[in-house]
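In my numbering, the protein residues as written are 734 to 1085.
By construction, the Cβ of each residue, glycine as well, lies at the ideal position given by its N, Cα and C atoms.
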Amino acid sequence: MQQNTSTAPKTDKPVLSLSRRRKAALIVQLMIGDGGKLALSSLPEHLQELLAHELGAIRLVDRDTVNAVADEFADLLGAIGLSAPGEAGAALDALSAHLSPALAGRLRAQLGGPRNTDPWVQLAGLDVEELTPIMQSESAEVSAVILSKLPVGKAAAVLGALPGELARRITFAVSRTADIAPDTVNRIGAALVRAYCTVKVSAFEKPPVDRVGAILNSSPAATRDAMLEGLDTADEGFAKGVRKAIFTFADIPTRLVATDVPACIRGVDPDQLTLGIAAALGQPGPLQDAAEFILSNISQRMAGQMREDAAEKGTVKSSVGEEAMNAITASIRDLADSGALTLIDPDAEDDD
């Protein structure tokens, strides 16, 4: 009788029946044991929880198994040719520098805020002026939780900004927060973030007063005056903001710093500049004052030459003169928008 001496083939690595979760836990434990620093907090909380359970289930593991898992992990890393975030929030973090601010804000709002962010960090980042109405809107119990999660200094400032009776009720409610579970506190924070910290994305880059002001800046004077008169009747506050946003030729003496005049006219087409000055000098009042302001703040030689050229133009047609004056004010606004100069704030002048 022949004896079967054949044996199972030997392998350098043991056959592993471990789950992928257990293998991941072994790798994490191995790296922690070697003093590695792992940013596990960047993982979604449910993955952190699963990892904690797997680590807690590990007892003794033989050396061959550990080596085999490590080798398998190294092989997987070596085979990776491309890595992507694999999650919407992470993808948005990677793309945010390449997206328009409006689109990035809208996507961030749809995802419910920054990825893996502690809601209480966001809430603690709010100003006292932003936190006060939240405390006034929520129940005393919820406000007590908010107060307890804020830094001490900010909590004291918020409490001081609240009406006395409400502040006392919230302070008393703090005594009932001792037994609230951490998960409940996190859910409260997440709900507050959704209610009060969601990014509001506007379809427009500029506020309404600036948009209307920009339109009226380029409108004929008659149209502009009629629109402003109508706005004064319909919404005086909005009209005041629009007037502040408007910058016309007549505003030059009161809103332009004298030393900025040479830089402002440098970029204007010479023929347009001459036409604008000629048209303004022929209209006594604010327009003439603006033209004289320009001429008095450039060199005498240039001012004299400009007066001669303007006189040669004779009477300038109203529409042509207005277009030329708009070209001058457009040059000034462009410099102000780029930060090259600062226009005088009429409100600041009033305060003085």
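Give a yes or no on whether 8 Å exceeds the smallest Cβ distance from residue i to chain C.
i    : result
I760 : The question asks about chain C, but that chain is absent: this structure has only one protein chain.
Can residue i and residue j be called in contact, C-beta distance under 8 Å?
i     : j     : result
T1039 : T992  : Checking the displayed sequence, the identity of residue 1039 turns out to be Met instead of Thr. Not closer than 8 Å, so no.
A959  : D965  : no
F982  : L1076 : no
How would you label residue i, buried or exposed, when you count the other beta carbons within 10 angstroms and need 16 or more for buried?
i     : result
E969  : exposed
E871  : buried
V990  : exposed
A967  : exposed
M1035 : exposed
S774  : exposed
V891  : buried
I998  : buried
A852  : First, the residue type needs correcting, since residue 852 is Pro and not Ala in the sequence shown. Classification of P852: buried, given that the 10 Å Cβ count is 16 or more.
G922  : buried
G882  : Checking the displayed sequence, the identity of residue 882 turns out to be Lys instead of Gly. By the neighbour-count rule (16 or more Cβ atoms within 10 Å), K882 is buried.
For residue i, does the three-state DSSP call read helix, strand or coil?
i     : result
L784  : helix
A1073 : coil
E871  : coil
D1002 : coil
V1053 : helix
G1047 : coil
S876  : helix
L793  : coil
D860  : coil
Determine the extent of the alpha helix (DSSP H) in which residue i is found, giving its start and end residues.
i     : result
L773  : Run containing L773: none; DSSP gives neither H nor E here.
P986  : 985-988
K939  : Note, K939: premise wrong, no alpha helix (DSSP H); not H, not E.
P852  : 852-857
R755  : 753-766
S750  : It is not in any alpha helix (DSSP H) - S750 carries neither H nor E in the DSSP assignment.
K1030 : It should be noted that the sequence gives Asn, not Lys, for residue 1030. No alpha helix (DSSP H) holds N1030; DSSP gives it neither H nor E.
R909  : Premise fails: R909 is in no alpha helix (DSSP H) and is neither H nor E.
Contact the stretch 1055-1064 vs the stretch 1000-1020: 3+ CB pairs below 8 Å:
yes
Does the pairing of the stretch 942-961 with the stretch 871-885 give three or more beta-carbon distances under 8 Å?
In short, these stretches do not touch, since the Cβ pair count stays below three.
Specify whether the stretch 755-771 and the stretch 784-802 touch according to this definition: at least 3 beta carbon pairs, one from each stretch, less than 8 Å apart.
yes
Say whether the stretch 888-903 touches the stretch 914-924, bearing in mind that this needs 3 or more beta-carbon pairs closer than 8 Å, one atom from each stretch.
Between the stretch 888-903 and the stretch 914-924 there are fewer than three inter-stretch CB-CB distances shorter than 8 Å, so the stretches are not counted as touching.
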